[in-house]
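Colleague:
Number of protein chains: 2
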Amino acid sequence: MARHSILQTLPEPLRSQALERIQFMTFPAGQVLFTAGERCHGLPLVLSGSVKVQMTGVSGHSIVLYRMGADDICTLSIGCLMTGRGYRAEAVVEEEAEAAMIPRGLFDRLLEQSPEFRLGIMESYGRRLDDLMLLVEEVAFRRMDERLAEWLAARAAQGTIAITHQELAIELGTAREVVSRLLKELERRGQVRLSRGRIDVTGELSGLD
Amino acid sequence: MARHSILQTLPEPLRSQALERIQFMTFPAGQVLFTAGERCHGLPLVLSGSVKVQMTGVSGHSIVLYRMGADDICTLSIGCLMTGRGYRAEAVVEEEAEAAMIPRGLFDRLLEQSPEFRLGIMESYGRRLDDLMLLVEEVAFRRMDERLAEWLAARAAQGTIAITHQELAIELGTAREVVSRLLKELERRGQVRLSRGRIDVTGELSGLD
DNA sequence: CTGGCGTCGGTGATAAAGTCACAGAGCAAG
DNA sequence: CTTGCTCTGTGACTTTATCACCGACGCCAG
Numbered sequence: 007m008a009r010h011s012i013l014q015t016l017p018e019p020l021r022s023q024a025l026e027r028i029q030f031m032t033f034p035a036g037q038v039l040f041t042a043g044e045r046c047h048g049l050p051l052v053l054s055g056s057v058k059v060q061m062t063g064v065s066g067h068s069i070v071l072y073r074m075g076a077d078d079i080c081t082l083s084i085g086c087l088m089t090g091r092g093y094r095a096e097a098v099v100e101e102e103a104e105a106a107m108i109p110r111g112l113f114d115r116l117l118e119q120s121p122e123f124r125l126g127i128m129e130s131y132g133r134r135l136d137d138l139m140l141l142v143e144e145v146a147f148r149r150m151d152e153r154l155a156e157w158l159a160a161r162a163a164q165g166t167i168a169i170t171h172q173e174l175a176i177e178l179g180t181a182r183e184v185v186s187r188l189l190k191e192l193e194r195r196g197q198v199r200l201s202r203g204r205i206d207v208t209g210e211l212s213g214l215d
Numbered sequence: 007m008a009r010h011s012i013l014q015t016l017p018e019p020l021r022s023q024a025l026e027r028i029q030f031m032t033f034p035a036g037q038v039l040f041t042a043g044e045r046c047h048g049l050p051l052v053l054s055g056s057v058k059v060q061m062t063g064v065s066g067h068s069i070v071l072y073r074m075g076a077d078d079i080c081t082l083s084i085g086c087l088m089t090g091r092g093y094r095a096e097a098v099v100e101e102e103a104e105a106a107m108i109p110r111g112l113f114d115r116l117l118e119q120s121p122e123f124r125l126g127i128m129e130s131y132g133r134r135l136d137d138l139m140l141l142v143e144e145v146a147f148r149r150m151d152e153r154l155a156e157w158l159a160a161r162a163a164q165g166t167i168a169i170t171h172q173e174l175a176i177e178l179g180t181a182r183e184v185v186s187r188l189l190k191e192l193e194r195r196g197q198v199r200l201s202r203g204r205i206d207v208t209g210e211l212s213g214l215d
């Protein structure tokens, strides 16, 4: 039952007591876990699947902030959980995901009673801050063609990716036209083949030029 | 002695015990609190003054991530403190600052024994995440002239700011030339007057055009 | 099977921002 | 006054963002 490493570190009888109060849930692909402005009613521990967290600016543009996968903790929820403020971002399930929801009272009690739980939370927290700082640097200073090539290479060194240019633009926080043009350039160089809603990676993407 | 709200919430005798192990320090303007890669040996609570946190990308460009002032907590340190990884950013004192350094062992003990301390830490964490998410949006989607005007307006609705174009470029995460040109444009419109290392705000900056 | 419709992708024109290179202005110390 | 350093201004060019529009593709109803 305790299919998350932070739960496995809990000593008995704390673990059993915790498991009684934790709600296990399954979310289908496409499901919205939370949206901007919404209140938070528990800390989600991701057990399986994949969830992307993105935000939309006043301009209406969106950008993907990070992803959560198996054994991740939705640290973004902690702030909302403890202060009662609403979320600033939204979370969308990409691959069917299972999660364990820890209610507020239990979260506080686990923090109190388990040094390992504290460590796990703080570790996750540090990683999330690092991710966001890296993203700031990336958005502020790196070239879009490099970022696009890296994104593609990370998904499929060789092979097919099912994604529209618009979705890819949101991943990178840019405009659809920019993605289209950069992809077209990659196609001219023979590094990808393009079709509607699909990108086939055919050549080396990184370390070229 | 307990000149930080999170210390004031501690009940006796926990507070007295904590104060024995906390080191109070004063840092002059210009002092570097920590640099990228450095290990962290305690959680700083800022009592007074102002500290800016900035990071430098592989490209060599820098950007200011956020500032800490009186009653802030250097949440960035928590991740490093708990995991032993090095800092990714650096912190520089802007106005002479006093800080209370909480060693790792004490931090964990306070988390365990004080619900108010836990709440304070998590609140601070949430605020920091929000700040960074806002920064991502700002850098990714907003126009530089707007951001520059807002930055100036926030510092001095009317009056003088002592800063070089290069420093201002780091505040906004852009290039010095871009700042110089935008400032020149503002000067042409009569909204600022420029001199070496100084900007005089003379007109309305926000809400125009 | 075909015609209509909504989504997706391509592209030109133009504006904003970033990069590179360099020159001149302001300031301080000798 | 000269020297040397930092700070600022600017031209030329590249990259990215924005706006406007059109054609291609896929799907579904008739």
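As they're listed, the protein sequences go chains D and A. Residue 156 in my numbering sits at position 150 of the first sequence, with consecutive numbering throughout. Residue 122 in my numbering sits at position 116 of the second sequence, with consecutive numbering throughout. No residue lacks a Cβ here, since even glycine has one placed at the ideal position from N, Cα and C. Everything numeric in this text was worked out from a predicted model, so none of it was measured.
(1) Any beta-carbon of chain A closer than 7 Å to the one on G48(D)?
(2) Going along chain A in order, which residues have a C-beta closer than 8 Å to the C-beta of D151(D)?
(3) Can you tell me whether L13(A) is helix, strand or coil according to DSSP?
(4) With a cut-off of 8 Å on the beta carbons, I'd call G132(D) and M128(A) a contact; round off their distance for me.
(5) Note the first and the last residue of the continuous beta strand (DSSP E) segment covering D206(A).
(6) Could you tell me the alpha carbon to alpha carbon distance between M7(A) and G75(A), rounded to whole angstroms?
(7) Look at the alpha carbon of V70(D) and the alpha carbon of E177(D), and state the distance between them as a whole number of angstroms.
(8) Is DSSP giving M107(D) helix, strand or coil here?
(9) Just to confirm, are T32(A) and E104(A) a CB contact at a threshold of 7 Å?
(10) Tell me whether T32(A) sits in a helix, a strand or coil according to DSSP, three-state version.
(11) In angstroms, rounded to a whole number, what distance separates the CA positions of A160(D) and V184(D)?
(12) Specify the secondary structure class of T89(D) as computed by DSSP and reduced to three states.
(13) Between which two residues does the alpha helix (DSSP H) carrying R182(A) extend?
(14) Which residues of the region 121-134 of chain D have a Cβ closer than 8 Å to any Cβ of chain A? Give them in chain order.
(15) What's the C-alpha gap between H10(A) and L112(A)?
(16) I'd like to know whether the C-beta of D215(A) is nearer than 7 Å to at least one C-beta of chain D.
(17) May I have a chain-ordered list of the beta strand (DSSP E) segments no shorter than 3 residues that lie completely inside the region 37-64 of chain D?
(18) Any idea if I205(D) is buried or exposed, counting beta-carbon neighbours within 10 angstroms, 16 or more meaning buried?
(19) Using a Cβ cut-off of 7 Å, pull out every chain A residue sitting near R73(D), in sequence order please.
(20) How is E210(D) classed by DSSP in three states: helix, strand or coil?
(21) Pop quiz: V59(D) and Y72(D) are said to be a contact at Cβ under 8 Å. What is the actual Cβ separation, rounded to whole angstroms?
(22) Using the beta-carbon of each residue, which ones in chain D are nearer than 7 Å to E118(A)?
(23) Going along the region 26-55 of chain A in order, which residues come within less than 7 Å of chain D, judged by CB to CB distance?
(24) Find out if the Cβ-Cβ distance for the pair M139(D), T180(D) is shorter than 7 Å.
(25) Where DSSP assigns a beta bridge to I79(A), which residues make up the other side?
(26) Counting Cβ pairs closer than 8 Å, one from the region 158-175 of chain D and one from the region 112-126 of chain D, do we hit at least three?
(27) Report all residues from its chain with a CB closer than 6 Å to the CB of I79(A); omit the five preceding and five following residues, and keep chain order.
(28) Under the DSSP definition of a beta bridge, which residues are partnered with Y131(A)?
(29) Indicate the three-state DSSP secondary structure (helix, strand or coil) for G66(D) in the structure shown.
(30) Just checking: is the beta-carbon of G209(A) within a distance shorter than 7 Å of some beta-carbon in chain D?
(31) Roughly how many angstroms separate the alpha carbons of D215(A) and R199(A), rounded to a whole number?
(32) Using a Cβ cut-off of 7 Å (strictly closer), state whether S201(A) contacts chain D.
(33) Quick check: E152(D) and Y93(D), are their CB atoms within less than 7 Å of each other?
(34) Tell me whether E96(D) is buried or exposed, calling it buried when 16 or more other Cβ atoms sit within 10 Å of its Cβ.
Modeller: So, from the listed chains and residues:
(1) Numbered from 1 along the first sequence, position 42 holds the residue referred to as residue 48(D). For G48(D), the answer is no, since every Cβ of chain A falls outside 7 Å of its Cβ.
(2) Sequence index remark: in the first sequence, residue 151(D) carries index 145 (1-based). Residues of chain A passing the Cβ test: none, with the nearest at roughly 15 Å.
(3) The sequence position of residue 13(A) within the second sequence is 7, counting from 1. If DSSP states are grouped into helix, strand and coil, L13(A) belongs with the helices.
(4) Reading the first sequence from its first residue, position 126 is the one you call residue 132(D). Reading the second sequence from its first residue, position 122 is the one you call residue 128(A). Not quite, the Cβ-Cβ distance comes to about 14 Å (not below 8 Å), so this is no contact.
(5) Position 200 of the second sequence, counted from the start, is the residue given in the question as residue 206(A). Unbroken beta strand (DSSP E) run through D206(A): R204 to V207.
(6) Along the second sequence, read from residue 1 onward, the residue named residue 7(A) stands at position 1. Along the second sequence, read from residue 1 onward, the residue named residue 75(A) stands at position 69. Spanning the two alpha carbons is a distance of roughly 18 Å.
(7) One-based indexing of the first sequence puts residue 70(D) at position 64. One-based indexing of the first sequence puts residue 177(D) at position 171. Roughly 5 Å separates the two Cα atoms.
(8) Taking the first residue of the first sequence as position 1, residue 107(D) is located at position 101. Looking at M107(D) - three-state DSSP - the assignment turns out to be strand.
(9) Position 26 of the second sequence, counting from 1, holds the residue named residue 32(A). Position 98 of the second sequence, counting from 1, holds the residue named residue 104(A). In this structure, E104(A) lies closer than 7 Å to T32(A) by Cβ.
(10) For this step, residue 32(A) is matched to residue 26 along the second sequence. Here T32(A) sits in strand by DSSP.
(11) Against the first sequence, residue 160(D) aligns to sequence position 154. Against the first sequence, residue 184(D) aligns to sequence position 178. Near 20 Å, if we compare the C-alpha coordinates of V184(D) and A160(D).
(12) By 1-based counting over the first sequence, the position of residue 89(D) is 83. Note: T89(D) maps to helix in three-state DSSP.
(13) What you label residue 182(A) is simply residue 176 of the second sequence in a count that begins at 1. Element bounds for R182(A): R182 to R194.
(14) P121, R124, L125, M128, E129, Y131, G132, R133 and R134
(15) Numbered from 1 along the second sequence, position 4 holds the residue referred to as residue 10(A). Numbered from 1 along the second sequence, position 106 holds the residue referred to as residue 112(A). Taking the straight line joining both Cα atoms gives about 16 Å.
(16) The residue you call residue 215(A) lines up with position 209 of the second sequence. Low per-residue confidence applies at D215(A): pLDDT is 37, beneath 50, and the placement is therefore not dependable, though the value from the model is reported in the following sentence. Not closer than 7 Å to any Cβ of chain D, the Cβ of D215(A) fails to qualify, so no.
(17) Along the region 37-64 of chain D, the beta strand (DSSP E) occurs as fully enclosed runs of 3 or more residues at 38-40 and 49-62, listed in sequence order.
(18) Position 199 of the first sequence, counting from 1, holds the residue named residue 205(D). Classification for I205(D): buried.
(19) Against the first sequence, residue 73(D) aligns to sequence position 67. None at all; the shortest Cβ gap to chain A is about 15 Å.
(20) Here residue 210(D) refers to the residue found at position 204 when the first sequence is read from its first residue. Coil at E210(D), not helix or strand.
(21) Mapped onto the first sequence, residue 59(D) falls at position 53. Mapped onto the first sequence, residue 72(D) falls at position 66. In this structure V59(D) touches Y72(D) by the C-beta definition: roughly 6 Å separates them, less than 8 Å.
(22) Looking up residue 118(A) in the second sequence gives position 112. The answer, in chain order, is E118.
(23) none
(24) Stepping through the first sequence from its first residue, residue 139(D) is reached at position 133. Stepping through the first sequence from its first residue, residue 180(D) is reached at position 174. In this structure, T180(D) does not lie closer than 7 Å to M139(D) by Cβ.
(25) Residue 79(A) sits at position 73 when you count from the first residue of the second sequence. According to DSSP, I79(A) shares a beta bridge with L51(A).
(26) no
(27) Position 73 of the second sequence holds residue 79(A). Cβ neighbours of I79(A) beyond the five flanking positions: L51 and S130.
(28) Position 125 of the second sequence, counted from the start, is the residue given in the question as residue 131(A). None; Y131(A) has no bridge partner.
(29) Locating residue 66(D) in the first sequence gives position 60, where the first residue counts as 1. Coil at G66(D), not helix or strand.
(30) Mapped onto the second sequence, residue 209(A) falls at position 203. No - not a single Cβ of chain D is within 7 Å of the one on G209(A).
(31) Along the second sequence, one-based indexing puts residue 215(A) at 209. Along the second sequence, one-based indexing puts residue 199(A) at 193. In this prediction, D215(A) has a pLDDT of 37, which is less than 50 and means its spatial position is unreliable; what the coordinates show is noted afterwards. Those two C-alpha atoms are separated by around 19 Å.
(32) Walking along the second sequence from the start, residue 201(A) turns up at place 195. Not closer than 7 Å to any Cβ of chain D, the Cβ of S201(A) fails to qualify, so no.
(33) The sequence position of residue 152(D) within the first sequence is 146, counting from 1. The sequence position of residue 93(D) within the first sequence is 87, counting from 1. Against a cut-off of 7 Å, the Cβ pair of Y93(D) and E152(D) comes out as no contact.
(34) Translated into positions along the first sequence, residue 96(D) becomes position 90. Buried, because 16 or more other Cβ atoms sit within 10 Å of the Cβ of E96(D).
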